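Structure record follows, encoded as structure tokens.
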Amino acid sequence: MTLPSSSRFQLTGDLGICRILNGMWQVSGAHGHIDAGRAVDAMFAYHDAGFCSWDLADHYGPAEEFIGNFRRRFTSRYGAERLSEIQAFTKWVPHPGRMTRSVVEDAIGTSLSRMGVKCLDLLQFHWWDYGDRSYLDALGHLADLQREGKIRHLALTNFDTERLGVIVDAGIRVVSNQVQYSLVDRRPEVKMAAFCQQHGITLLAYGTLLGGLLSEKYLGRPEPGRGELTTASLQKYKNMIDAWGGWALFQELLAVLKPIADKHGVSIATIGARYVLDRPAVAGVIIGARLGIAEHIADNARVFDVTLDANDVAMIEPVLARSRDLMRLIGDCGDEYR
111 MTLPSSSRFQ LTGDLGICRI LNGMWQVSGA HGHIDAGRAV DAMFAYHDAG
161 FCSWDLADHY GPAEEFIGNF RRRFTSRYGA ERLSEIQAFT KWVPHPGRMT
211 RSVVEDAIGT SLSRMGVKCL DLLQFHWWDY GDRSYLDALG HLADLQREGK
261 IRHLALTNFD TERLGVIVDA GIRVVSNQVQ YSLVDRRPEV KMAAFCQQHG
311 ITLLAYGTLL GGLLSEKYLG RPEPGRGELT TASLQKYKNM IDAWGGWALF
361 QELLAVLKPI ADKHGVSIAT IGARYVLDRP AVAGVIIGAR LGIAEHIADN
411 ARVFDVTLDA NDVAMIEPVL ARSRDLMRLI GDCGDEYR
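If you read the sequence shown in my numbering, its first letter stands for residue 111, the second for the next number, and so on.
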């Protein structure tokens, strides 16, 4: 399989990515057991198909170790000179508190060691409590580590537009912000996307497929009970659907998406991913990979074959217009975590 050139995005002058990133939250333990050996085997299948960009975090169970193991096996199979084909974007999610140089350096050192790298491609920083402005101290130390060559680029995860502005005003250069973005959750369109475009920041979108709920599997199905929502993703995004407008409206959305998907010869999930990829400021979407259990490589590749036309979008918009205002209900991007 060879992905088209449209599958690539130049995130920075020296860092290109696949516009569909493989999400590794699924190895954290909240989505069932993952066999380490089979998981790394599956990582080769994704990479060899062109899906060479990985999204992970320091708290996603063994995700960073999986990257380290993958890189070692990749070197044995293809040679160290090809390691630059792999992009692995981790996160640092500290508990709020005093952010000294040693605290920050120790955390980054742990990620470097686990992943078997001397420099992190992209470090995505998350902060739980805006009332504690130590996040600016942490970012200052991260910027120092970037200048020292331990971090290639700095980025954020789940920061709102106001705090993104505070960080920009502080002179800290970040290249992206990872936020929830889907047909159901379009909060980034209210303020975030425009701010990012003005300041040369891109968005990495997660939750785009609602943990698998945005699919034919749930079209025409009764509302699932808690016992049927067997992964953390299904539980999380079912709550988002409830806030957005409920199961009946979601069924209307799936029913509208189905003929659009049929017209293009793809799945409902493919249409959902393509819709978000077409939004302003979006560099890529993160689609979870249940490594060694299930893969959607062929389906993900079809995203790059689809062009949504004006009629497709016109069919979708009336359903979305009847949903609740999540910006008013929840707040800006990431406010659901605070």
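Just so it is clear, CB atoms sit at the ideal spot from N, CA and C, and this is done for glycine as well.
None of the values given here were measured: they were computed from a predicted structure.
Range of the contiguous alpha helix (DSSP H) that encloses residue i
i: Y385; result: I378 to L387
i: G156; result: The question names Gly, but residue 156 is Tyr in the sequence shown. Taken as a continuous stretch (DSSP letters only), the alpha helix (DSSP H) holding Y156 covers A146 to D158.
i: N179; result: A173 to Y188
i: L274; result: T271 to D279
i: A334; result: Note that residue 334 corresponds to Pro in the displayed sequence, not to Ala. Counting along the chain, P334 falls outside any alpha helix (DSSP H), and DSSP gives it neither H nor E.
i: H251; result: S244 to R257
i: K373; result: W357 to H374
i: R448; result: First-last for R448: undefined, no H or E at that position.
i: I407; result: I407 to R412
i: C306; result: M302 to Q308
i: M437; result: L436 to L439
Residues sharing a beta bridge with residue i, DSSP
i: W202; result: F235
i: W135; result: Answer is none; W135 lacks a bridge partner.
i: W164; result: N132 and A198
i: H263; result: L232
i: N67; result: Residue 67 lies beyond the range of the chain shown here (111 to 448); nothing can be said about it.
i: T122; result: L125
i: A140; result: G142
i: A420; result: Paired residue(s): none; A420 is not in a bridge.
i: A217; result: Note: A217 sits in no beta bridge, so no partner.
i: A404; result: R400
Through-space distance from residue j to residue i, alpha-carbon basis
i: Y447; j: I144; result: 26 Å
i: A404; j: A155; result: 12 Å
i: K260; j: A365; result: 48 Å
i: D445; j: D295; result: 13 Å
i: L266; j: T417; result: 29 Å
i: L329; j: Q361; result: 6 Å
i: I381; j: T210; result: 45 Å
i: K228; j: S221; result: 10 Å
i: W354; j: F180; result: 39 Å
i: R297; j: A315; result: 11 Å
i: P172; j: L193; result: 20 Å
i: I282; j: C306; result: 14 Å
i: I130; j: G241; result: 34 Å
i: D352; j: V429; result: 15 Å
i: A190; j: E333; result: 50 Å
i: S116; j: L264; result: 25 Å
i: L363; j: F176; result: 37 Å
i: R434; j: A358; result: 13 Å
i: F414; j: L113; result: 8 Å
i: A217; j: R400; result: 26 Å
i: W238; j: L436; result: 20 Å
i: R384; j: S212; result: 42 Å
i: Q120; j: P206; result: 33 Å
i: G398; j: K301; result: 26 Å
i: F269; j: R438; result: 17 Å
i: K337; j: A253; result: Going by the sequence as given, residue 337 is Gly instead of Lys. C-alpha separation (whole angstroms): 45 Å.
i: G441; j: G147; result: 41 Å
i: G356; j: A431; result: 14 Å
Residue i vs residue j beta-carbon contact at 8 Å
i: G322; j: S292; result: no
i: D158; j: M134; result: no
i: S138; j: Y170; result: yes
i: A167; j: S286; result: no
i: L233; j: T200; result: yes
i: Q197; j: S163; result: yes
i: A303; j: L313; result: yes
i: H236; j: V203; result: yes
i: E299; j: R389; result: yes
i: V214; j: A248; result: yes
i: F161; j: N410; result: yes
i: C128; j: V289; result: no
i: L324; j: I407; result: no
i: G226; j: R183; result: no
i: L125; j: R262; result: yes
i: T341; j: A140; result: yes
i: G310; j: D151; result: no
i: G375; j: Y347; result: no
i: A280; j: L230; result: no
Residue i at chain D interface by Cβ criterion, 8 Å
i: A371; result: Going by chain labels, chain D is absent from the structure shown, which holds only one protein chain.
Residue span of the beta strand (DSSP E) that contains residue i, given as start and end
i: I396; result: V392 to G398
i: T341; result: No beta strand (DSSP E) contains T341, which DSSP labels as neither H nor E.
Hey, is the region 273-281 in contact with the region 408-423, meaning 3+ C-beta pairs nearer than 8 Å? Contact check between the region 273-281 and the region 408-423: fewer than three CB pairs, one atom from each, fall below 8 Å, which does not count as touching.
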